[in-house]
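Below: one structure, written as structure tokens.
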Amino acid sequence: MPLVNLFGSKGRLVLSALLICAIIFELAHCQKDTQEQRTTPGRKLKTSKPKLGKSTNKGPRAVTSKSKLKATPAPAAQTLLTQVLNRGKFKKVGETISVQTGDTLELRCRGKPVQWSVPTYLEDDDDGRLRIVQQDRYGALTLVNTTGADTGEYTCYPMYCEDSDCRKEYDKAVKVFVFFPDPQELFVPTSDYYEVIQLRTNWPTLLPCQVTSPEAKVTLHREYPPVEVAVDGSEISFNVRKGFTIHRPRPYHAGALYCVASLGNLRQSSTKYMLIYVNYPMAPPAPVIQASSSSVAVGENLRVSCSVVGEQDVVIEFTWDYPGQEIGRPPYTKESVTPVGGGEAQQQSQSVLLVDEVRDVDQGTYTCTAQNLQGAKSVSTTVKVVPKSKPRKP
Ligand SMILES: *[C@@H]1O[C@H](CO)[C@@H](O)[C@H](O)[C@H]1NC(C)=O
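This note's numbering puts the sequence shown at residues 445 to 838.
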């Protein structure tokens, strides 16, 4: 599928506008950089080679201690996460904690065994600062020589085991968001100078500018024209543990945005987010198939049409399966998009499969699959081929 198909005609306009803007931004940005003197120490990201077991989805990945998991009944007690302070003092953690950069983070989680998940970058960047051990009654996580980059969510999953078969008890997971306020870095550094983010119609979009300190004041800015973006809490909201969320993206949200954090005398910009608006359909297409006739005589022409009525500027891709494929009949299709009148702006996308001079091999099932960004749906119809009708009397 050609890439441009991903964007409707509007999307393409936005995209080209973005590209032009991007060049302007680069120029503007170079000047800004010299003023703000932004440093981004290497925080290795996205260079992950899965090491420990199978990691399922994106986000923080699970880390198991190397100790062998033994068969143990699930702990009856409620999961408990505590922070070990110096001199063996314990403190039950709340939703968030702050740890001075350079200090050691030590967490204990009751259960045997437990599994931990840590910010992705820590998992990937195995520099020996993170240590996970399983004790008799609890799991312990220790992170030394901490930096602002370690800011993120730390989760403990108690494991339920039967023999050597263990699974995470997701409903008993306990998490804590740990800030490592860094006097030099207000934002958790990323390796990318800018990040391209798709704005999908009606899908919340996150601008993940993560601050290292819960005290930082964070604002959202558009690069061109240079304005501060209003954050009203409903259209756009801010969460100190995530960043900014655009709840119902619209085309006008597209463009280059960045966050600014200030704390004390320090004021820093985040990575730039290039927001590209994609007309994202609400649902997979619902195609309708129809043959010009369910019974065609040898030598006649057959037309099978497949049409989808849907939201405007949503690209539908059609694929066909038909009996003639087996003998290598090339697909001969004609595609069109026509607007449909009515209240909601809709369009009809259609693909017509044309079979010239039908032969016996063309008898069978014709299947059309219509696909958009949300999914695919297939519909079929059968066509019978009958012998040539006798020439009629003139
Ligand atoms: C932590 O920092 C100290 C002092 O810079 C260093 O000697 C030590 O090796 C570091 N530990 C780890 C595990 O990186």
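Just so you know, even glycine gets a beta-carbon here, dropped at the ideal spot from N, CA and C. The structure presented is a predicted model; accordingly, all values stated were derived computationally and were not measured.
Reference residue i, options the options, closest by Cα
| i | options | result |
| --- | --- | --- |
| D806 | V823, P775, A789 and S793 | P775 |
| S657 | V558, I733, N683 and V784 | N683 |
| P725 | Y604, E744 and Q818 | Q818 |
| V588 | S780, T715, N816 and V543 | V543 |
| D571 | T591, W560 and R581 | T591 |
| E667 | G687, T526, A700 and E770 | A700 |
| E679 | P648, Q628, C703 and D609 | P648 |
| T548 | A727, D594 and S608 | D594 |
| T763 | P728, V802, R611 and T811 | T811 |
| T634 | P652, Y766 and P625 | P652 |
| V396 | G808, T813, S833 and V632 | The first residue shown for the chain is 445 and the last is 838, placing residue 396 beyond what the model contains. |
| E779 | A814, I771 and K716 | A814 |
| P731 | Q579, S749, N745 and R531 | S749 |
| D636 | Y717, R611 and Q792 | Y717 |
| V839 | L746, G596 and K832 | Residue 839 falls outside the range modelled here, since the chain spans only 445 to 838, and no answer is possible. |
| F621 | G596, C605, S608 and H697 | G596 |
| V655 | L643, I641, Q642 and F623 | F623 |
| L525 | L566, T545, V558 and R711 | V558 |
| Q792 | V562, S751, R581 and R773 | S751 |
| W560 | K619, R685 and Y721 | K619 |
Any non-hydrogen atom of ligand 1 within 6 Å of residue i CB
| i | result |
| --- | --- |
| R572 | For the record, residue 572 in the displayed sequence is Gly; it is not Arg. G572 Cβ: within cutoff of ligand 1. |
| N589 | yes |
Beta bridge counterpart(s) of residue i as assigned by DSSP
| i | result |
| --- | --- |
| K600 | A small correction: the amino acid at residue 600 is Cys; Lys does not occupy that position in the sequence shown. Partner(s): W560 and V618. |
| M718 | V640 and A700 |
| H665 | E672 and Y702 |
| I438 | For the chain, the structure presents residues 445 to 838; residue 438 sits outside this window and is missing. |
| R611 | Y604 |
| W764 | C812 |
| Q734 | S749 |
| N683 | G687 |
| L525 | C553 |
Checklist entry - Would you call the region 729-744 and the region 704-711 touching, i.e. three or more CB-CB distances under 8 Å? => result Short answer: they don't touch.
Checklist entry - Quick check: the region 594-603 against the region 549-565, are there 3 or more CB pairs under 8 Å? => result Contact check between the region 594-603 and the region 549-565: three or more CB pairs, one atom from each, fall below 8 Å, which counts as touching.
Checklist entry - Can at least three beta-carbon pairs, one atom from the region 818-828 and one from the region 781-789, be found at a separation below 8 Å? => result By the Cβ rule, the region 818-828 does not count as touching the region 781-789, because fewer than three pairs are nearer than 8 Å.
Item to check | Stretch-stretch touch, CB-based, cutoff 8 Å, three pairs: the region 685-702 with the region 635-649 | outcome: With a cut-off of 8 Å, the region 635-649 and the region 685-702 count as touching, because enough Cβ pairs lie within range.
Checklist entry - Do the region 714-734 and the region 748-762 touch if we need at least three Cβ pairs shorter than 8 Å? => result Touching, yes.
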